Ligand SMILES: Nc1nc2c(ncn2[C@@H]2O[C@H](COP(=O)(O)OP(=O)(O)OP(=O)(O)O)[C@@H](O)[C@H]2O)c(=O)[nH]1
Ligand SMILES: [Mg+2]
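Residue numbers (our numbering): 138 to 429.
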């Protein structure tokens, strides 16, 4: 038996959560086309081929905007690196820019094996750009990686080979550390994340960054889970947007979050969402550090 931690890191929006969900074959982490969707480290366990994989999805590392919010997201992401047996550094296959280089600066001196994963190759319609791009990456950068692999998370392309590569580097330690669990995060965490993901999907760009979700009640019975939750908003004017005309937006958010919760918990879910204006909420450390 082999067992190891594999962290997926990279700048925002390169597809870390999409790859994470694909590798663990579940929708655990929010995937959207907006950056900074992931705020916490999210782990998930997969047992396959005599191997225990503990995959860790992380927030996008962003050193550009010097706000407390980014500092905490970066802290959550970078802390994963030090705990991992293998680091997957995800980049867009078509360009390695200064933001990727900053991530490289943070991992280059770490001993764990590193795999550079060039994602979104489906965008290379005629399959000609990749060799060209690889030849342009400076040698001293390529040298920090033990492996380099192109993939498309969207089209599940080359994922089997990526898994084989990962498996080669997983320590053989005859240990099982996480039997019978999906994740070390509590069920409530995922229920809240599904609500936040639906908000990011359906609401305009800025709004989801100024809200947070709390679970007030999570009652698990034999056939049904009853969840009560609150979306807290920083601005009063956001209340009517989140609720929508005759409550229509809240119904949409609630429906998507409920379906994702039902799939994860494998039970019927009754989900009640309240919306509240909370002027005290800012990009506060306490809530960002919750579940971290
Ligand atoms: N074309 C294409 N799009 C992809 C691929 N993988 C992910 N995406 C898209 O890229 C966007 C970002 O995906 P996420 O998985 O949320 O990215 P992330 O790196 O987790 O983002 P943050 O959590 O915000 O740092 C989404 O719109 C995905 O659908 C891919 O292989 N090909
Ligand atoms: Mg993400």
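Idealized CB from N, CA, C, for every residue including glycine. Since the model is a prediction, treat every value here as computed from it, not as a measurement.
Put simply, the stretch 171-183 does not touch the stretch 251-265. Fewer than three CB pairs are less than 8 Å apart.
Between residue 347 and residue 322, the beta carbon gap of about 23 Å keeps them out of contact (Cβ cut-off 8 Å).
Taken from the Cβ of residue 153, at least one heavy atom of ligand 2 lies inside 7 Å. Put simply, the backbone Cα of residue 379 is about 46 Å away from that of residue 279. A straight-line Cα-Cα distance of about 33 Å links residue 166 and residue 272.
The stretch 319-339 and the stretch 349-368 touch, with no fewer than 3 CB-CB distances between them shorter than 8 Å. At least one heavy atom of ligand 2 sits closer than 7 Å to the Cβ of residue 194.
Between residue 182 and residue 318 the beta-carbon gap is near 6 Å, inside 8 Å, which marks them as a contact. At least one heavy atom of ligand 1 sits closer than 7 Å to the Cβ of residue 168. In the DSSP annotation of this structure, the continuous segment of the beta strand (DSSP E) that includes residue 287 starts and ends at 284-287. Short note on residue 213: C-beta not closer than 7 Å to any heavy atom of ligand 1.
Cβ contact annotation for residue 149 (same chain, cutoff 7 Å, sequence separation greater than five): 172, 173, 197 and 199, in chain order. Taken through DSSP and simplified to helix, strand or coil, residue 226 comes out as strand. Ranking 340, 373, 329 and 336 by CA distance to the CA of residue 355 puts 329 first.
Shortest gap from the CB of residue 188 to any heavy atom of ligand 2: 7 Å or more. Distances between the C-beta of residue 259 and the heavy atoms of ligand 1 include at least one below 7 Å. Between residue 290 and residue 155, the CB-CB gap stays under 8 Å. Around the Cβ of residue 386, a 10 Å sphere holds 16 or more other Cβ atoms; the residue is buried. The beta-carbon separation of residue 308 and residue 144, rounded to 15 Å, does not stay under the 8 Å limit for a contact. Separation of residue 274 and residue 170 (C-alpha to C-alpha, rounded to the nearest whole angstrom) is 26 Å.
Cβ neighbours of residue 334 within its own chain (closer than 6 Å, five residues either side excluded): 167.
Look at residue 175: its beta carbon is less than 7 Å from one of the heavy atoms in ligand 1. Under the three-state reduction of DSSP, residue 245 is assigned to coil, being neither helix nor strand.
Non-local C-beta neighbours of residue 369 in its own chain, meaning closer than 6 Å and more than five positions away in sequence, comprise 349, 413, 415 and 418, ordered along the chain. Residues 386, 389 and 390 of the same chain have their beta carbon placed closer than 7 Å to that of residue 339, with the five preceding and five following residues left out of the count.
Within the same chain, 404 and 405 come within 7 Å of residue 360 by CB-CB distance, once the 5 residues on both sides are set aside. For residue 264, the closest alpha carbon among the candidates 162, 284 and 288 is that of 288. In the three-state scheme derived from DSSP, where H, G and I count as helix and E and B as strand, residue 353 is classed as strand. Taking the CA atoms as reference points, residue 189 sits about 33 Å from residue 408.
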